[in-house]
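All remarks here apply to the structure that follows.
Residue numbers (this note's numbering): 1 to 391.
Printed below as a string of structure tokens:
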């Protein structure tokens, strides 16, 4: 099957199978990419599969969550051994003898375990971080047997909190791996973080397109109850906190406006977790997605019409952009899709989805923005977790 035939069949299936935002990054992103697809030209290859990774000796391996495509049941978990340079394209399948499931939306590490939210399969996979062996597959369904669609996960004092697309947050005990309780929040939450004994949940309203939600729910950890909603801007997405407890959220605006070429449909906001008030709008930063390490955020944007992108470095103490262009060596990415920072080395990993229907790449950069290596991992690489060499 040619790539163009694959595009046509995939779009046909998508149009009959889902509504906007059922894909991990939003249906409009996929359609925009396919509509503009013109071939498989790669950027200049540097330090690819034949080159050993020039990484810190403090990191042993990196796991990569490849989202796959909605309703295709093709999510995978890759593993890059940073000592040998060997890539295992689907370590989950190899170790556990079964597939990961449909639409892997998030990969996080907490203690010695990996947690993977697989939304269309309605499961949270819990794995041993060293071996990728499945410890528990937690199925999340409501009382009527309808799947809750787990999307994002965060942790606080021995508990995991999972934002589910059915408008709930699930609390899981990380020792027993049992789902303990559910809390009602806003419509179709698509991000969650913890700060100052509270959870912050971004309510996208994506399944009610074009009637989006525009709020962040504040949930008390102690009472496990929503105590407030904060208006931010329509379609809030990734939400993360820094070391000082400030909470940052990117908003994706109206998909129709963004896909029509309005790059400012994206937004970036700051919430003070002491007062639970929106305290700052960064109207000059059209952030599609971001990741945080300490007090540094890596922000990115991708224009699906012009096929252009930027990646900036942001100081969360001074609330200013430190670098307008993170990549310093001329490396060109086709479609930035997800980012992660190695806590042991400070290396920055960026997933490149290409056109969303072929095998994507993961690029590893030093903290000063220079390419160390890249690997082809799986379809739509977007989540990262790391294992230290001393563990």
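Each residue gets a CB set at the ideal place from its N, CA and C atoms; glycine is no exception.
Three-state class that DSSP yields for residue i in the structure shown
i	result
residue 323	strand
residue 108	strand
residue 394	Not covered by the structure: residue 394. The range shown for the chain is 1 to 391.
residue 155	strand
residue 365	strand
residue 358	coil
residue 91	helix
residue 66	strand
residue 386	strand
residue 23	Any reading at residue 23 is ruled out, since the residue's pLDDT is 48, under 50, leaving its predicted position unreliable.
residue 162	strand
residue 33	Only weak support is given to the placement of residue 33: the predicted model assigns it a pLDDT of 46, under 50, and the value that follows is read from those uncertain coordinates. Reduced to three states, the DSSP call for residue 33 is helix.
Whole-angstrom C-beta distance between residue j and residue i, which should lie under 8 Å
i	j	result
residue 102	residue 66	Wrong, their Cβ atoms sit about 12 Å apart, outside the cutoff.
residue 122	residue 139	6 Å
residue 349	residue 326	In fact, because the Cβ distance is near 12 Å, the residues do not count as touching under 8 Å.
residue 313	residue 291	That pair is no contact at about 11 Å.
residue 116	residue 195	Between residue 195 and residue 116 the Cβ distance is about 23 Å, and since that is not below 8 Å, they are no contact.
residue 173	residue 142	Not quite, the Cβ-Cβ distance comes to about 20 Å (not below 8 Å), so this is no contact.
residue 249	residue 221	At roughly 19 Å, the Cβ-Cβ gap does not stay under 8 Å, so residue 249 and residue 221 are not in contact.
residue 236	residue 191	7 Å
residue 273	residue 241	7 Å
Check whether residue i and residue j have beta carbons under 7 Å apart
i	j	result
residue 203	residue 187	yes
residue 294	residue 243	yes
residue 218	residue 227	yes
residue 100	residue 119	no
residue 157	residue 171	no
residue 151	residue 105	yes
residue 300	residue 289	yes
residue 91	residue 129	no
residue 155	residue 110	yes
residue 126	residue 77	no
residue 304	residue 336	no
residue 153	residue 108	yes
residue 64	residue 362	yes
residue 360	residue 381	yes
residue 160	residue 189	no
residue 364	residue 372	yes
residue 87	residue 61	no
residue 338	residue 346	no
residue 230	residue 212	no
residue 286	residue 266	yes
residue 97	residue 53	no
residue 68	residue 379	yes
residue 148	residue 389	no
Any non-hydrogen atom of the ligand COA closer than 6 Å to residue i Cβ
i	result
residue 360	The ligand COA is absent from the structure shown, which contains no ligand whatsoever.
| query | Which runs of the beta strand (DSSP E) fall wholly inside the segment 203-276 and span at least 3 residues, in chain order? | reply | You should have 215-220, 225-231, 236-241, 246-251, 267-272.
| task | Please specify which runs of the beta strand (DSSP E), each continuous and at least 3 residues long, are wholly inside the segment 272-321, giving them in chain order. | result | 277-281, 289-293, 296-303, 308-315
| query | Any chance the segment 330-337 sits against the segment 270-285, with 3 or more Cβ pairs inside 8 Å? | reply | no
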